[in-house]
Amino acid sequence: MERGDQRRSTRRASIAIGSMAVALVLAAALVFTNAFSAGQVADNARAQHWVNATTGSAALVRAATAQAVFFGIDLDLGVASESGAERARLEAQLNLDQLVEWMSSAEEQSSIDTTLVMEKLDRYASSIQDVLGALEAGDALTALELNSGQAETEFNAAKADLVVLRDSIIERIASTEASAGWIAGITRFLITLLIPAAALILYRRMVHRQALAGQLTLEAKLEAERDLRLSKDEFIASISHELRTPLTSIYGFSEVLVESGLVDPESATELVGLIHSESAELSRMVEDLLTAARLDAQALTLDVEEFDLIEELETVLAPARRHGAAIVLEAEPLRMLTDRHRLRQIVRNLVTNAVKYGGPTIRVVVETTDSEWLLLVADDGAGVPPDIEDRLFEKFVHKASAALLVGSVGLGLAVARSIAQLMDGDLDYRRVDGETHFSVRLPLSSCVAVPARESTDVDGSPGGHTSHSGQLASASASVAEISRQNEVPSR
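Here this note's numbering is used: the first residue of the sequence shown is 15, the next is one more, and so on.
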């Protein structure tokens with residue numbers, strides 16, 4: 015009896031040990047299955063990110079190259095400066111270099127076959143390089159033909175393959191989730207036969223939490239990708255619309271001049287003025303877009319130099335005055351030590367905003383205190399609507415369907431404030447005694463102690479510089495200034 019009992023005890027112990035071993039094996043199998051599935055999901059997510067990023071980078075190259083060709087054509091027509099055209103070409107070259115660098119990471123995508131799409135991307139990059147080479151050689155017409163022909167064809171071919179890859183990755187993610195769920199279900203069912211119910215419930219809860227967390231994470235990533243694509247589509251659509259408006263006006267006015275000639279000098283002069291105004295508007299929008307991109311990439315640098323402040327302010331205010339704006343300049347003679355071009359960009363954005371959205375009377379006031387230099391742009395308009403006042407300096411701020419900022423791309427105030435902060439200063443907004451005040455504050459180190467020159471009031475008496483209309487430059491000097499600053503920023 016004792017031996018029989020001993021054998022039964024041994025048999026029970028063996029069954030218990032065997033059950034525990036099977037449970038451990040099944041548990042290990044479950045853990046391995048989850049880990050393998052998670053690894054597959056991670057690989058698929060990385061592959062999808064690479065496809066989306068490559069598509070976006072190729073699209074940026076396409077847009078930058080089109081802009082460079084546009085500037086090259088304008089340069090041949092005499093309506094763009096060489097510096098502007100060269101900057102546009104270099105911007106396109108930079109985007110192309112970044113695309114080529116990103117393409118090199120395709121070797122890390124072991125979960126997808128990138129051979130075919132890489133061949134098409136290589137051909138696309140080569141065709142874009144040919145376009146930029148033609149621009150560098152000064153042959154804008156050849157660049158236009160290459161860009162609209164071969165480069166566009168190669169882009170569409172590469173994009174189509176990228177879309178196919180993206181769809182296949184999405185299908186694979188769904189398949190992986192289905193397989194993982196099926197295997198995990200079988201394993202959990204087997205475990206329930208071999209381990210205590212309490213341990214089973216605890217384990218199932220743990221697995222459920224892990225699965226739920228993984229699902230939420232994946233859904234969040236996919237939702238973020240969808241939101242990003244939607245934001246890009248809306249932004250591109252908005253930019254296309256806003257750029258098309260001045261371009262349509264420029265084309266229409268110039269077509270009238272081509273068809274009617276200079277038979278009526280007065281009408282011709284008016285049309286030329288309208289073309290000039292729309293061109294400046296278009297240039298401001300493009301300059302703000304380029305500046306915002308450089309600020310985001312932390313690639314914007316300051317070119318510090320010493321210059322006469324009043325002369326620079328008069329240069330900025332002259333175009334607005336020529337179009338009938340009543341602007342009063344109140345400034346003492348002063349020399350500045352900062353980036354001349356970026357200071358112009360700040361003032362031009364603020365003045366243009368006041369002209370378009372402020373009251374009829376605009377004041378530009380320059381003051382210095384013991385610790386800072388202040389430039390105030392004030393108007394007697396209604397001010398900023400309260401519902402967007404807190405977001406006034408954010409990018410792409412709009413009120414309903416209408417853009418808040420000049421140029422309708424919603425960048426002017428954001429760019430102006432970012433440049434001021436880059437200069438160790440700031441830009442703020444206030445309502446004071448029924449006036450709208452935009453105040454630029456820079457450290458006093460931006461000013462040179464020695465005055466620039468003795469100035470007089472409008473009536474000829476010594477003192478501060480106050481002008482309601484300003485001295486207009488000659489016509490040839492004005493045209494030269496606009497041509498040299500083809501990147502006039504828009505607010």
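Just so you know, even glycine gets a beta-carbon here, dropped at the ideal spot from N, CA and C.
The structure presented is a predicted model; accordingly, all values stated were derived computationally and were not measured.
If you keep only unbroken alpha helix (DSSP H) runs of at least 4 residues inside the region 254-295, you get nothing at all. Residues of the same chain with a CB within less than 8 Å of the CB of G397, apart from the 5 flanking positions on each side, are R445 and T450 in chain order. Membership of P333 in the alpha helix (DSSP H) is indicated by the continuous run L323 to R336. The alpha carbon of A428 has as its nearest neighbour, out of D127, P333, L331 and L406, the alpha carbon of L406. Taking A345 as reference, the option from T329, G373 and E381 with the minimal CA-CA separation is E381.
Beyond the five residues adjoining it in sequence on each side, A171 comes within less than 7 Å, by CB distance, of K134 in the same chain, given in chain order.
Membership of R377 in any alpha helix (DSSP H) is not indicated; the residue belongs instead to the beta strand (DSSP E) covering T375 to T382. With a contact defined as Cβ atoms closer than 8 Å, V361 and L389 qualify at about 7 Å.
DSSP places P400 within a helical segment (H, G or I) once states are collapsed to three.
The shortest CA-to-CA distance from P399 to any of Y443, E319, L425 and I142 is the one to Y443. Taking the Cα of D447 as reference, the smallest distance to any Cα among S293, A392, K235 and E150 is reached at A392. Where S460 is concerned, there is no enclosing alpha helix (DSSP H), because DSSP gives it neither an H nor an E. Annotation: the continuous beta strand (DSSP E) that includes A340 extends over A340 to A345.
Beta-bridge annotation (DSSP): A392 is paired with R377 and H451.
Beta-bridge partners assigned by DSSP to T352: E319.
Take the alpha-carbon of D384 and the one of R60: they are about 56 Å apart. In this structure, DSSP gives R405 a state outside helix and strand, which the three-state scheme calls coil. Using a Cβ-Cβ distance cut-off of 8 Å, the region 312-329 and the region 345-358 are in contact, since at least three pairs of beta carbons, one from each stretch, lie closer than that value. DSSP lists E449 as the beta-bridge partner residues of V446.
The continuous alpha helix (DSSP H) containing T129 extends over residues T129 to E150. In the DSSP assignment, A102 falls within the alpha helix (DSSP H) that extends over E96 to M117. Between the region 103-113 and the region 140-150, the count of C-beta pairs closer than 8 Å reaches three or more; the two stretches touch.
Take the alpha-carbon of Q359 and the one of S459: they are about 20 Å apart.
Contact annotation: the region 257-272 touches the region 295-307, with at least three C-beta pairs closer than 8 Å. Less than 8 Å divides the Cβ of F85 from the Cβ of G98. For L427, the uninterrupted alpha helix (DSSP H) run begins and ends at G426 to L436, by DSSP. If you ignore the 5 residues before and after A340, its C-beta comes within less than 7 Å of the C-beta of P374, T375, I376 and H482, all in its own chain and listed in chain order.
Judged by DSSP in its simplified three-state form, L441 adopts strand.
When the beta-carbon positions are compared, C461 and L348 come within less than 8 Å of each other. Taking a 10 Å sphere around the C-beta of S274, we find fewer than 16 other C-beta atoms and assign the residue as exposed. With fewer than 16 other beta carbons inside 10 angstroms of its own, Y265 counts as exposed.
A139 sits close to V114, with the two beta carbons spaced by under 8 Å. In this structure, L425 places its C-beta atom within 8 Å of the C-beta atom of D302.
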